[in-house]
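**Student:** For reference, the structure I am asking about is given below.
Numbering (this note's numbering), first residue to last: 17 to 346.
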């Protein structure tokens with residue numbers, strides 16, 4: 017396993033991040049624990065979750081599964097860099113009762129305490145803002161974070177789904193206030209088929225010393241060999257993936273992608289992960305295995321070296337948007 021620093025911090029994290037969104041809704045607790053044990057055995061030390069995972073009436077369930085895994089001992093908690101998130105509604109009512117969601121100081125305090133209880137730990141390594149909150153000033157957010165850092169309940173703060181200007185705003189205000197070091201990571205949607213983060217989000221992250229943690233590296237399965245699986249009688253695409261494939265031009269693009277990788281003898285899902293590992297600013301993509309086989313496939317991506325010819329071919333099929341402002345100004 018390769019390790020790297022998380023942004024400008026001294027924290028060392030694995031170049032694959034174990035995502036846990038499927039733990040509970042799609043993967044039962046016993047299998048989730050087996051996957052986490054296998055990931056730890058392979059050297060993955062970075063586990064990502066969120067307080068809302070489990071979803072609907074079961075939100076919080078994923079954190080509970082992780083907490084039960086930590087409770088098994090064997091230094092599991094000490095070996096893990098644990099990341100979770102705050103923003104979503106955790107109240108039983110929908111819509112949320114006032115102050116039970118977003119990033120107010122009162123909700124951050126409430127959410128941290130609840131996550132710590134579910135996770136069965138006394139601290140969170142990386143506490144991430146799951147989405148921007150347009151109504152709460154960063155002065156208030158950082159004041160709440162400063163208190164939690166001083167209490168030892170969190171160590172670092174990160175963002176998720178932030179635009180570039182909010183990354184800049186958050187860290188400029190943090191610097192003016194002193195105390196906190198500001199955001200140290202940004203978790204964003206980024207993959208071969210969705211490269212808009214290259215315009216402003218990733219440059220902002222690099223400028224302010226944030227590690228970039230891409231989520232949905234296979235674009236919801238679209239980059240995992242979906243056409244080949246359909247052809248061979250496997251699971252058919254559903255949801256947004258099916259909608260994309262229903263578009264003739266987009267289906268042709270995915271077919272060209274799969275044909276290129278077949279020519280080079282490379283599995284599509286592994287190539288998509290390996291491509292992200294070559295990208296500037298990327299700490300490591302989040303992989304969210306439902307099964308042990310999916311984890312093993314993700315681990316193989318770490319050993320995959322993409323040739324210059326293959327990289328050029330991928331760039332031709334999925335061209336990036338270019339930097340801002342050139343991408344849209346001229």
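We put the CB at the ideal spot given by N, CA and C, even for glycine.
What does the alpha-carbon distance come out to for the pair residue 188 and residue 28?
**Tutor:** Roughly 25 Å between the two C-alpha positions.
**Student:** Taking the runs of the alpha helix (DSSP H) that are 4 residues or longer, which of them lie wholly in the region 187-254?
**Tutor:** Here the runs fully enclosed are 217-223, 242-247.
**Student:** Spatial neighbours of residue 124 within its chain, please: C-beta separation below 8 Å, excluding the five flanking residues on both sides.
**Tutor:** If we look at residue 124 and ignore the five residues flanking it on each side, its Cβ neighbours are 102, 157, 160, 161, 164.
**Student:** Give me the DSSP bridge partner(s) of residue 19.
**Tutor:** BP columns for residue 19 point to 30.
**Student:** Within this structure, are the beta carbons of residue 238 and residue 287 separated by less than 8 Å?
**Tutor:** No; because the gap between Cβ atoms is not below 8 Å, this pair is not in contact.
**Student:** Helix, strand or coil for residue 4, going by three-state DSSP, please let me know.
**Tutor:** The structure shown has nothing for residue 4, since the chain only spans 17 to 346.
**Student:** With a threshold of 6 Å on Cβ separation, who are the neighbours of residue 45 within its own chain once the five nearest residues in sequence on each side are excluded?
**Tutor:** Here the set comprises 81.
**Student:** Classify residue 97 as helix, strand or coil using the three-state DSSP reduction.
**Tutor:** Looking at residue 97 - three-state DSSP - the assignment turns out to be strand.
**Student:** Does the Cβ of residue 12 have 16 or more other Cβ atoms within 10 Å, making it buried, or fewer, making it exposed?
**Tutor:** This structure cannot speak to residue 12, because the chain is shown only from 17 to 346.
**Student:** Using 8 Å as the threshold, is the region 301-319 in touch with the region 175-182, meaning 3 or more CB pairs across them?
**Tutor:** No, the region 301-319 does not touch the region 175-182.
**Student:** Alpha carbon to alpha carbon, how far is residue 277 from residue 23? Give it in angstroms, no decimals.
**Tutor:** The alpha-carbon atoms of residue 23 and residue 277 are separated by roughly 31 Å.
**Student:** Whole angstroms is fine: what's the gap from residue 38's alpha carbon to residue 48's?
**Tutor:** Distance between the alpha carbons of residue 38 and residue 48 is about 9 Å.
**Student:** Taking residue 12 as the reference, give the member of 334, 40, 21 with the closest Cα.
**Tutor:** There is no way to answer for residue 12, as the model of the chain reaches only from 17 to 346.
**Student:** Is it right to say residue 262 is buried, meaning 16 or more other beta carbons lie within 10 angstroms of its own, or is it exposed?
**Tutor:** Flag for residue 262 reads exposed.
**Student:** How many Å lie between residue 11 and residue 246 at the Cα?
**Tutor:** The structure shown has nothing for residue 11, since the chain only spans 17 to 346.
**Student:** Taking the alpha carbon of residue 19 as the point to measure from, which residue in 36, 295, 214, 62 has its own alpha carbon closest?
**Tutor:** The shortest Cα separation from residue 19 among 36, 295, 214, 62 belongs to 62.
**Student:** What does residue 83 pair with, by DSSP beta-bridge criteria?
**Tutor:** Answer is none; residue 83 lacks a bridge partner.
**Student:** Taking only the alpha-carbon atoms, compute the straight-line gap between residue 85 and residue 305 and give it to the nearest angstrom.
**Tutor:** Residue 85 and residue 305: Cα-Cα distance of roughly 17 Å.
**Student:** Assuming residue 172 is part of the alpha helix (DSSP H), what are its boundary residues?
**Tutor:** It is not in any alpha helix (DSSP H) - residue 172 instead sits in the beta strand (DSSP E) that spans 170-176.
**Student:** Should residue 55 be labelled buried (16 or more other beta-carbon atoms within 10 Å of its own) or exposed?
**Tutor:** Answer is buried; the Cβ neighbour count reaches 16.
**Student:** Using DSSP's beta-bridge definition, name the partner residues of residue 140.
**Tutor:** Note: residue 140 sits in a beta bridge opposite 170.
**Student:** Are at least three pairs of beta-carbons, each pair with one atom in the region 221-236 and one in the region 194-211, less than 8 Å apart?
**Tutor:** Cβ pair count under 8 Å is three or more, so yes.
**Student:** Within this structure, are the beta carbons of residue 141 and residue 132 separated by less than 8 Å?
**Tutor:** No.
**Student:** In angstroms, rounded to a whole number, what distance separates the CA positions of residue 209 and residue 235?
**Tutor:** Distance between the alpha carbons of residue 209 and residue 235: 7 Å.
**Student:** Using only the alpha-carbon positions, how far apart do residue 7 and residue 272 sit?
**Tutor:** No answer is possible for residue 7: it lies beyond the span of the chain, which begins at 17 and ends at 346.
**Student:** Report the partner residues of residue 145 according to the DSSP bridge assignment.
**Tutor:** DSSP output for residue 145 lists 102, 175 as bridge partner(s).
**Student:** Would residue 290 and residue 317 be called neighbours here (beta carbons separated by less than 8 Å)?
**Tutor:** Their beta carbons are under 8 Å apart, which means residue 290 touches residue 317 by this criterion.
**Student:** Give the straight-line distance between the Cα atoms of residue 192 and residue 198, rounded to the nearest whole angstrom.
**Tutor:** One C-alpha to the other measures close to 10 Å.
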